[in-house]
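Following: one structure in structure tokens, then a few remarks.
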Amino acid sequence: MRLMLLLLVLSILSADVRYLDEVFESVQKIEDVVYGNAPDLPFWFWVESNTVDIDLDMDIYQPEGDTLANRPVIIFVHTGAFFSGHNELDDVVDLSISAAKRGYVAVSIS
């Protein structure tokens, strides 16, 4: 029983801190990757013929120097109900950088 408890404690203590602590110093940012398009709704939206399609883009943040090929992804969506806001808001950028320093790939969509 003591041996099992010792093995359990050792396995917990040797657990990986990746994804919990910031283990990477720098982050690579890939800006303005187009992932689709949608009608740009004006403030006074009456009919669809008044709209113009715009490109939807995203910024991708990933840890620099990471050797893992498959990493989990977090998608951050700004506030504003898709009518206002953008992917360069300070809180979205800070969260994306923090997640990338922990080993995630962070995506911030517009």
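One rule links them: number in my numbering = place in the sequence shown (from 1) + 14. All C-beta atoms, glycine included, are put in the ideal place defined by N, C-alpha and C.
Original post:
Helix or strand or just coil, what does DSSP make of N51?
Top reply: As a position in the sequence shown, residue 51 is number 37, starting the count at 1. When secondary structure is reduced to three states using DSSP, N51 falls in the strand class.
Original post:
Going by the beta-carbon positions, is the gap between D73 and N51 smaller than 9 Å?
Top reply: Counting from one through the sequence shown, the residue named residue 73 turns up at place 59. Counting from one through the sequence shown, the residue named residue 51 turns up at place 37. Against a cut-off of 9 Å, the Cβ pair of N51 and D73 comes out as no contact.
Subject >> Length of the line joining the Cα atoms of D69 and E45 >> reply: The residue you call residue 69 lines up with position 55 of the sequence shown. The residue you call residue 45 lines up with position 31 of the sequence shown. Approximately 13 Å, taken between the alpha carbons.
Original post:
Do you know how far the Cα of V23 is from the Cα of F38?
Top reply: Here residue 38 corresponds to residue number 24 of the sequence shown, with the count starting at 1. Here residue 23 corresponds to residue number 9 of the sequence shown, with the count starting at 1. The straight-line gap from Cα to Cα measures roughly 27 Å.
Subject >> Contact belief for Y33 with G117 at Cβ below 8 Å, rounded distance in angstroms >> reply: To locate residue 33, count along the sequence shown from 1; it is residue 19. To locate residue 117, count along the sequence shown from 1; it is residue 103. So it is a contact: roughly 5 Å between Cβ atoms.
Subject >> Check: V47 C-beta below 8 Å from any heavy atom of the ligand SAM >> reply: In the structure on display, the ligand SAM does not appear, and there are no ligands present to speak of.
**OP:** Rank L109, R85, D80, L82 by C-alpha distance to the C-alpha of H92 and give the top, closest one.
**Re:** On the sequence shown, position 78 is the one that residue 92 refers to. Of L109, R85, D80, L82, the residue nearest in Cα terms is L109.
Subject >> Element boundaries [alpha helix (DSSP H), containing S124] >> reply: The count along the sequence shown starts at 1 and reaches residue 124 at position 110. Neither: S124 is in no alpha helix (DSSP H) and is coded neither H nor E.
Original post:
Who are the near neighbours of P53 in its chain, counting only those whose CB is closer than 8 Å to its CB and skipping five residues on each side?
Top reply: Position 39 of the sequence shown, counting from 1, holds the residue named residue 53. Counting only Cβ-Cβ distances below 8 Å, and skipping sequence neighbours, we find E62, T65, V66, D67, I68.
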